[in-house]
């Protein structure tokens, strides 16, 4: 359904906000929107907002003039300038500091930037696609994320379901990754066996698409043949589907990424609270100690439901 609507979304330059669990393919969606848009011949520039300090993030986004700070021995274009007439993908948008949020809001409103240490305004024509695996509602509520910026970014929201809820995507994803990985490493793989595919469909994929890609890369690298069999995928520990309401044992250290483990725990707690509250959302939010607005976001994120109360 998401990819069916990408062409319609791509026709405009409206800001897109992509949210979902870690590893669900948010960057794939951002790149697909760019590829289908009138900006396809322009650059696609990605910034991971969680990997840089506040000062470095501002320099990365807006660029800097020579002498703007220690080590700025020459002027440097920022990602907004580099993305001119293209798309800027802001990953982990929830981690942008408040001071940088103010400057980002100004760019969205005025379509111009100033480099760090500079006074000249520079016009930029950029489409913004932002992404997060965190719930922004409580951050907006406590003032750590600006409400006006949230609504500027949130013009076209796209919720990405976890892979366990869209098993029909496994085969096309497997086909895509086998082709791209085998081409990249120069090892021809013709396909995957039915038994291996059945195993992949039975698995819950707590690490989502990223875990699937990593597992396929491992299988291809270690494969002795040109067809991947079930023995290439060591999934026995969590291959069987979990019964609804059954408790999940905590994953072992290194088994899945920390954020995926936390999301699994959060989903499980919400499911239990919904059951205890008999689906009443106001009661569920009270049991969880969160605002009802935050609960609605999480229900949409995890594709859960309650009654209309």
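Residue numbers (the working numbering): 20 to 328.
For every residue, glycine included, the Cβ atom is placed at its ideal position computed from N, Cα and C.
Problem set entry | Neighbourhood of residue 224 by C-beta, 8 Å cutoff - its chain only, sequence neighbours within 5 removed | By one-based count along the chain shown, residue 224 stands at place 205. If we look at residue 224 and ignore the five residues flanking it on each side, its Cβ neighbours are 181, 182, 183, 230, 231.
Problem set entry | Presumed contact (8 Å Cβ cut-off) between residue 169 and residue 108, rounded CB distance | Translated into positions along the chain shown, residue 169 becomes position 150. Translated into positions along the chain shown, residue 108 becomes position 89. Not really, about 17 Å apart at Cβ, beyond 8 Å.
Exercise. Does the pairing of the segment 88–107 with the segment 63–80 give three or more beta-carbon distances under 8 Å?
Worked result: In this structure the segment 88–107 touches the segment 63–80; the number of beta carbon pairs closer than 8 Å is three or more.
For this session: Would you mind working out which of 127, 76, 119 sits nearest residue 34, comparing C-alpha positions?
Result: The residue you call residue 34 lines up with position 15 of the chain shown. Of 127, 76, 119, the residue nearest in Cα terms is 127.
Exercise. Given a threshold of 16 other Cβ atoms within 10 Å of its Cβ, counted over all protein chains shown, does residue 256 qualify as buried or as exposed?
Worked result: Position 237 of the chain shown, counting from 1, holds the residue named residue 256. With a pLDDT of 45 at residue 256, under the threshold of 50, the predicted position of this residue should be treated as unreliable, and no value is reported.
Problem set entry | Distance, residue 144 Cα to residue 312 Cα | What you label residue 312 is simply residue 293 of the chain shown in a count that begins at 1. What you label residue 144 is simply residue 125 of the chain shown in a count that begins at 1. For residue 312 and residue 144, the distance between alpha carbons rounds to 34 Å.
For this session: Specify whether the segment 132–139 and the segment 80–100 touch according to this definition: at least 3 beta carbon pairs, one from each stretch, less than 8 Å apart.
Result: They touch, by the three-pair rule.
Exercise. Who are residue 297's beta bridge partners in DSSP?
Worked result: Against the chain shown, residue 297 aligns to sequence position 278. DSSP output for residue 297 lists no bridge partner at all.
For this session: Measure the beta-carbon distance from residue 235 to residue 200 and round it to whole angstroms, keeping in mind my assumption that it falls under 8 Å.
Result: Here the question's residue 235 lines up with position 216 in the chain shown. Here the question's residue 200 lines up with position 181 in the chain shown. Separation of the CB atoms of residue 235 and residue 200 is rounded to 6 Å, and the pair is thereby assigned contact status at 8 Å.
Exercise. At what residues does the alpha helix (DSSP H) containing residue 50 begin and finish?
Worked result: One-based indexing of the chain shown puts residue 50 at position 31. Element bounds for residue 50: 45–55.
For this session: Can you tell me which of the three DSSP states residue 321 falls into?
Result: Along the chain shown, read from residue 1 onward, the residue named residue 321 stands at position 302. Three-state DSSP puts residue 321 in coil, outside helix and strand.
Problem set entry | Segment contact flag, the segment 65–73 with the segment 204–212, C-beta cutoff 8 Å, min 3 pairs | Result no; under three Cβ-Cβ pairs closer than 8 Å.
Problem set entry | Cβ-Cβ distance between residue 323 and residue 289 below 8 Å | Along the chain shown, read from residue 1 onward, the residue named residue 323 stands at position 304. Along the chain shown, read from residue 1 onward, the residue named residue 289 stands at position 270. Yes, the Cβ-Cβ distance between residue 323 and residue 289 is below 8 Å.
Exercise. By Cβ distance below 7 Å, which residues in the same chain neighbour residue 158 in space, the five residues on each side in sequence not counted?
Worked result: Here residue 158 refers to the residue found at position 139 when the chain shown is read from its first residue. The answer, listed in chain order, is 113, 164.
Exercise. Exposed or buried, which one is residue 151 when buried takes at least 16 other CB atoms within 10 Å?
Worked result: The residue labelled residue 151 in the question sits at position 132 within the chain shown. With a 10 Å radius around the Cβ and a threshold of 16 neighbouring Cβ atoms, residue 151 comes out buried.
Problem set entry | Other residues of its chain near residue 67: CB distance less than 8 Å, five sequence neighbours each side excluded | Against the chain shown, residue 67 aligns to sequence position 48. Here the set comprises 110, 111.
Problem set entry | Status (buried if at least 16 other CB within 10 Å, exposed otherwise) for residue 121 | Sequence index remark: in the chain shown, residue 121 carries index 102 (1-based). Exposed: under 16 other Cβ atoms inside 10 Å.
For this session: In angstroms with no decimal places, state the Cα-to-Cα distance between residue 29 and residue 98.
Result: The residue given as residue 29 occupies position 10 in the chain shown. The residue given as residue 98 occupies position 79 in the chain shown. So the alpha carbons of these two residues sit roughly 21 Å apart.
Exercise. Over what stretch of residues does the alpha helix (DSSP H) that includes residue 122 continue unbroken?
Worked result: Against the chain shown, residue 122 aligns to sequence position 103. Looking at the DSSP string, the run of the alpha helix (DSSP H) that includes residue 122 is 117–129.
Problem set entry | Cβ pair residue 136, residue 86 closer than 8 Å | Position 117 of the chain shown holds residue 136. Position 67 of the chain shown holds residue 86. A contact, by the Cβ cut-off of 8 Å.
For this session: Indicate whether residue 226 and residue 42 have their beta-carbon atoms separated by less than 8 Å.
Result: Along the chain shown, read from residue 1 onward, the residue named residue 226 stands at position 207. Along the chain shown, read from residue 1 onward, the residue named residue 42 stands at position 23. Inclusion of residue 226 and residue 42 in the CB contact set at 8 Å is warranted, their separation being smaller than that value.
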